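Asks: My structure is below; once you've seen it, I'll send some questions.
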Amino acid sequence: MFSSPEIGIDLGTANLLIYSKNKGIVFNEPSVAAIDINTKDVLAVGEEAKRMIGRTPKHIVPVRPLKDGVIADYEITTKMLKAMLKKVSARVGHSLRKPIVVICTPTGSTSVERRAIENAVKEYGAKQVHLIEEPLAAAIGAGLPIDEPISNVVVDIGGGTSEVAIISFGGVVSSRSVRVAGDHMDQAIIQTIRQKYNILIGDRTAELVKMEIGHALIDHDELTMDVRGRDMVTGLPKTVTLSSYEIQKALADKLQQILEAIRSTLEHCPPELSGDIVEYGVTLTGGGALLKGMQEWLSDELSVPVHLAPNPLESVAIGTGKSLKFIHKLQKAAR
Ligand SMILES: Nc1ncnc2c1ncn2[C@@H]1O[C@H](COP(=O)(O)OP(=O)(O)OP(=O)(O)O)[C@@H](O)[C@H]1O
24 MFSSPEIGID LGTANLLIYS KNKGIVFNEP SVAAIDINTK DVLAVGEEAK RMIGRTPKHI
84 VPVRPLKDGV IADYEITTKM LKAMLKKVSA RVGHSLRKPI VVICTPTGST SVERRAIENA
144 VKEYGAKQVH LIEEPLAAAI GAGLPIDEPI SNVVVDIGGG TSEVAIISFG GVVSSRSVRV
204 AGDHMDQAII QTIRQKYNIL IGDRTAELVK MEIGHALIDH DELTMDVRGR DMVTGLPKTV
264 TLSSYEIQKA LADKLQQILE AIRSTLEHCP PELSGDIVEY GVTLTGGGAL LKGMQEWLSD
324 ELSVPVHLAP NPLESVAIGT GKSLKFIHKL QKAAR
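Heads up: the sequence shown runs through residues 24 to 358, numbered per the numbering used here.
As structure tokens, this is what we get:
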């Protein structure tokens, strides 16, 4: 008898990951689609489309259809998702037709935004669609014992949103989502370099700067990086050497906003669970957790242990996939 394939999707602002029940992660590429603006056709998706950013003729536009963790352009998201699922089907050698899907939604999303995500998957032809809150998926993917009556604190720092949640007994006890994450750090770097050096750099360069020399701690061993951009006075290409100290300063305000979100969630923790946090600490997931010094900085600021999940960029996708087994139980707990 034909049984529907079961998949978990992390429809992230920066990256889209697909987890198949039998094969684990089968797709992990940037949430980017290259669109022909004359025909509205999707010409490329994922890695291929991301490589086109800033390098295409005028009628081909690489688009990131998700912003701040939610769908900003519904039509392109649907087309991108379909193209990616098709790519995966070809790759895994069997069709992903009429799948049963678990897909995550940011905690702060509205019911309209959630429905948009659900409909995007239904349009692909999914047989069933289940939604799971992103931090819950992150906690499952990080291997936290969410079913136990202890406080599991997860902080997922993605591209568009940072999510903080306290989970106990299979449900979210307290949570917060802020639209400050990796993308906003990139923008802060672009702004600093423009103001300080009159040089304009692109989004991809800013992201590379953040990954190479970005640091959360004021005190660290200095790193430097040569960066090329466009001189805003002469209009010509120009190279500047950046220091990790100035990038730390550029990121400080965004990091502070993420810290405040964590603090205020912990402050709203029921007292019985509060004691656990000192013992079990906080677990970091999401690509933003990989910023140099992040774990140590947060641990200093919060005075609790901070752990990095084994695979921060994949935690949500793994969690959505693993939750397929007990999705009905989770949805009951959420009611
Ligand atoms: N080594 C690194 N240092 C700093 N930031 C990193 C590193 N690696 C990845 N990132 C950042 O992590 C972000 C992507 O993380 P992730 O894939 O978890 O987000 P997402 O799930 O797509 O976004 P969201 O959860 O907001 O929808 C990007 O901003 C990326 O630049």
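Using N, Cα and C, we set each Cβ at its ideal position, and we do this for glycine too.
This one's a predicted model, so the numbers in the text were calculated from it and none came from an experiment.
Three Cβ pairs or more, each shorter than 8 angstroms: is that satisfied between the region 45-64 and the region 112-121?
Replies: Cβ pair count under 8 angstroms is three or more, so yes.
Asks: Go ahead and label R358 buried or exposed: buried means 16 or more other beta carbons lie within 10 angstroms of its beta carbon, across all protein chains shown.
Replies: For this step, residue 358 is matched to residue 335 along the sequence shown. Here R358 scores only 48 on pLDDT, less than 50, and its place in the model should not be relied on; the value that follows carries that caveat. With fewer than 16 Cβ atoms within 10 Å of its Cβ, R358 is classed as exposed.
Asks: Can you look up H291 in the DSSP assignment and give me helix, strand or coil?
Replies: Reading the sequence shown from its first residue, position 268 is the one you call residue 291. Reduced to three states, the DSSP call for H291 is coil.
Asks: Hey, is M234 close to ligand 1, as in C-beta under 6 angstroms from one of its heavy atoms?
Replies: Counting from 1 along the sequence shown, the entry for residue 234 is found at position 211. The answer is yes for M234.
Asks: For M24 and I341, what's the separation of their Cα atoms in angstroms?
Replies: Here residue 24 corresponds to residue number 1 of the sequence shown, with the count starting at 1. Here residue 341 corresponds to residue number 318 of the sequence shown, with the count starting at 1. Note on M24: pLDDT 49, under 50, position unreliable in the model; the coordinate value appears next. Roughly 27 angstroms between the two C-alpha positions.
Asks: Kindly list the residues whose CB is nearer than 6 angstroms to the CB of A106, restricted to its own chain and excluding five residues on each side of it in sequence; keep chain order.
Replies: Residue numbering aside, residue 106 sits at position 83 when the sequence shown is read from its first letter. Here the set comprises V65, V68.
Asks: How is P88 classed by DSSP in three states: helix, strand or coil?
Replies: For the purposes of this step, residue 88 is taken as residue 65 along the sequence shown, with counting starting at 1. Residue state, collapsed to three classes: coil.
Asks: Name the one or two DSSP bridge partners that V176 has.
Replies: In the sequence shown, counting from the first residue as 1, residue 176 sits at position 153. Per DSSP, I189, V305.
Asks: Using the beta-carbon count (16 or more within 10 Å), is P294 buried or exposed?
Replies: One-based indexing of the sequence shown puts residue 294 at position 271. Per the 10 Å Cβ criterion, exposed.
Asks: Using the Cα positions of V187 and I123, report the straight-line distance between them to the nearest angstrom.
Replies: Within the sequence shown, the letter at position 164 stands for residue 187. Within the sequence shown, the letter at position 100 stands for residue 123. Between V187 and I123, the C-alpha separation is close to 27 angstroms.
Asks: Nearest to I350 by alpha carbon, out of V125, S200, G181?
Replies: Taking the first residue of the sequence shown as 1, we reach residue 350 at position 327. Nearest C-alpha to I350: V125.
Asks: Closer than 6 angstroms: is that where the CB of G309 sits relative to any heavy atom of ligand 1?
Replies: On the sequence shown, residue 309 is found 286 positions in, with the first residue counted as 1. G309 Cβ: within cutoff of ligand 1.
Asks: Classify K150 as buried or exposed, calling it buried when 16 or more other Cβ atoms lie within 10 Å of its own Cβ.
Replies: Taking the first residue of the sequence shown as 1, we reach residue 150 at position 127. Under this definition K150 is an exposed residue.
Asks: Just checking E230 against ligand 1 - is the residue's beta carbon closer than 6 angstroms to any of the ligand's heavy atoms?
Replies: For the purposes of this step, residue 230 is taken as the residue at position 207 of the sequence shown. Flag set: Cβ of E230 near ligand 1.
Asks: How would you call E171, buried or exposed, if buried means at least 16 neighbouring beta carbons within 10 angstroms?
Replies: Taking the sequence shown and counting its residues from 1, the one referred to as residue 171 is at position 148. It counts as exposed.
Asks: Run the proximity test for L313: is its beta-carbon closer than 6 angstroms to any non-hydrogen atom belonging to ligand 1?
Replies: Taking the sequence shown and counting its residues from 1, the one referred to as residue 313 is at position 290. Yes, Cβ of L313 sits closer than 6 angstroms to a heavy atom of ligand 1.
Asks: Give the DSSP-derived three-state secondary structure of L274 in the structure shown.
Replies: The residue given as residue 274 occupies position 251 in the sequence shown. Here L274 sits in helix by DSSP.
Asks: Entirely within the region 195-229 and at least 4 residues each: give me those alpha helix (DSSP H) ranges in chain order.
Replies: Taking only runs of at least 4 residues, the alpha helix (DSSP H) segments lying wholly in the region 195-229 are 205-220.
Asks: What would DSSP say about D170, mapped onto helix, strand or coil?
Replies: For the purposes of this step, residue 170 is identified with residue 147 of the sequence shown, where counting begins at 1. D170 falls in the coil class under three-state DSSP.
Asks: Would you kindly check if the distance between the Cβ of I58 and the Cβ of V176 is under 7 angstroms?
Replies: Within the sequence shown, numbered from 1, the residue matching residue 176 stands at position 153. Within the sequence shown, numbered from 1, the residue matching residue 58 stands at position 35. No; because the gap between Cβ atoms is not below 7 angstroms, this pair is not in contact.
Asks: Under 7 angstroms Cβ to Cβ from K102, same chain only, skipping five residues before and after it: list those, please.
Replies: Position 79 of the sequence shown, counted from the first residue, corresponds to residue 102. Same-chain partners within the cutoff: A56, V65.
Asks: Given a threshold of 16 other Cβ atoms within 10 Å of its Cβ, counted over all protein chains shown, does H82 qualify as buried or as exposed?
Replies: Here the question's residue 82 lines up with position 59 in the sequence shown. Exposed.
Asks: Which residues in the same chain as G252 place their Cβ atom closer than 6 angstroms to its Cβ, once the five residues preceding and following it in sequence are excluded?
Replies: Residue 252 sits at position 229 when you count from the first residue of the sequence shown. These residues qualify, in order along the chain: I222, L223, I224.
Asks: Any heavy atom of ligand 1 inside 6 angstroms of the beta-carbon of N142?
Replies: Within the sequence shown, numbered from 1, the residue matching residue 142 stands at position 119. No - ligand 1 has no heavy atom lying nearer than 6 angstroms to the Cβ of N142.
Asks: Evaluate contact between the region 270-287 and the region 209-220, counting only Cβ atoms and requiring at least three cross-stretch pairs below 8 angstroms.
Replies: Output reads yes: the region 209-220 touches the region 270-287.
Asks: Alpha carbon to alpha carbon, how far is E146 from R199?
Replies: If you number the sequence shown from 1, residue 146 lands on position 123. If you number the sequence shown from 1, residue 199 lands on position 176. So the two alpha carbons sit approximately 30 angstroms from each other.
Asks: Whose C-alpha, out of K233, Q318, T257, S27, is nearest the C-alpha of K121?
Replies: For the purposes of this step, residue 121 is taken as the residue at position 98 of the sequence shown. For K121, the nearest C-alpha among the options comes from S27.
Asks: On the criterion of 16 or more Cβ atoms from any shown chain inside 10 Å, does V135 qualify as buried, or is it exposed?
Replies: By one-based count along the sequence shown, residue 135 stands at place 112. Exposed, by the Cβ-count rule.
Asks: In the DSSP assignment, find the alpha helix (DSSP H) that holds S326 and state where it starts and stops.
Replies: Counting from one through the sequence shown, the residue named residue 326 turns up at place 303. No alpha helix (DSSP H) contains S326, which DSSP labels as neither H nor E.
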